[in-house]
Amino acid sequence: MPQKTHSLVVIGAGAPRTGTVSQKVALELLLGQPCYHMGEALGLHNSRRHIPMWIQAVESGLSKSLADEILGNYSACVDYPTASFYKELMQHYPNAKVILSVRDTNSWVESMQSSILKAMHTMERFPRPLKWLLGIGQADKMIDAVFRREFGDNYNLADSEFMARQFEERNDSIRRVVPSERLLEFRVSDGWAPLCQFLNLPVPDKPFPRLNDRKQVERALNIMTAITYVSDALATASCIGLAVWIGRRFLN
């Protein structure tokens, strides 16, 4: 990892499923430094340290020292969990600019339900020993904590009307809170031009990254589901084998 900078340049305030993976790659190309994303929090190199720290941030607040500890190797951040703390990050890093990534409300709701909601359900069924082996034993707790912080204790990702209202109200709140000179409202379809102008950086001589991370999520969900089925089958086979052994050992 690069030397710690303790100073974010860009704070992504947009919700998940608003092209955050494409933004991550684009910002890394522009800034030449890593960009934090939920995938970083869940990655093998960070998860055992970062997941408990994000839970701490939700429960006790994101202090400057905690933000530095988590984000010191990064020059930008997008997606949850960081987007949930955009106000705190704006205070901690007063020179950082803020990007609000947006998309059509109905398509956002559908995307959340077809990916994030399914991922949460799959995570609940994922074998606990494997969770701890991968360092994501508390991942579902962290994700739930962030959603409660964002949408309230009674949030329901399956409620389309609720999610649509929350998405629009959240975006409106960000527009009110962030000073206009510090805010860029951005769609991935906008490409390089507004992003580079906002950051005062030259436009790269390569296409803007447009990554369909839904396919990546679907592949990951399929793998996790397959592992869950195999684990359930092995557990069932083990129980049957144990029952047969007990029957032969003590009942014959």
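The letter at position 105 of the sequence shown is residue 158 when you use the numbering used here, and the numbering goes up by one with no holes. Glycine included, every Cβ here is placed at the ideal spot set by N, Cα and C. This one's a predicted model, so the numbers in the text were calculated from it and none came from an experiment.
query: Could you name the residues that DSSP lists as bridge partners for lysine 150?; result: Val63
query: Exposed or buried, which one is asparagine 224 when buried takes at least 16 other CB atoms within 10 Å?; result: buried
query: Between the Cα of valine 162 and the Cα atoms of Pro247, Glu238, Ala211, Ile104, which residue gives the shortest distance?; result: Ala211
query: How is the alpha helix (DSSP H) around glutamate 234 delimited, first residue to last?; result: Taken as a continuous stretch (DSSP letters only), glutamate 234 belongs to no alpha helix (DSSP H), as it is neither H nor E.
query: Give the secondary structure of phenylalanine 239 by DSSP, where H, G and I count as helix, E and B as strand, and everything else as coil.; result: strand
query: Could you spell out where the alpha helix (DSSP H) holding serine 75 opens and where it closes?; result: 73-84
query: What does a CB cutoff of less than 6 Å around lysine 184 pick up in its chain, not counting 5 residues either side in sequence?; result: Gly190
query: Since proline 69 and methionine 91 are thought to touch, with beta carbons under 8 Å apart, how far apart are those beta carbons, to the nearest angstrom?; result: 7 Å
query: Do leucine 153 and isoleucine 227 count as a contact pair if the criterion is CB distance below 7 Å?; result: yes
query: Under 7 Å between the Cβ atoms of phenylalanine 220 and leucine 237?; result: no
query: Could you tell me whether the Cβ atoms of leucine 61 and tyrosine 146 are closer together than 7 Å?; result: yes
query: Relative to the alpha-carbon of glycine 67, which residue among Ala192, Ser116, Glu203 has its alpha-carbon at the smallest distance?; result: Glu203
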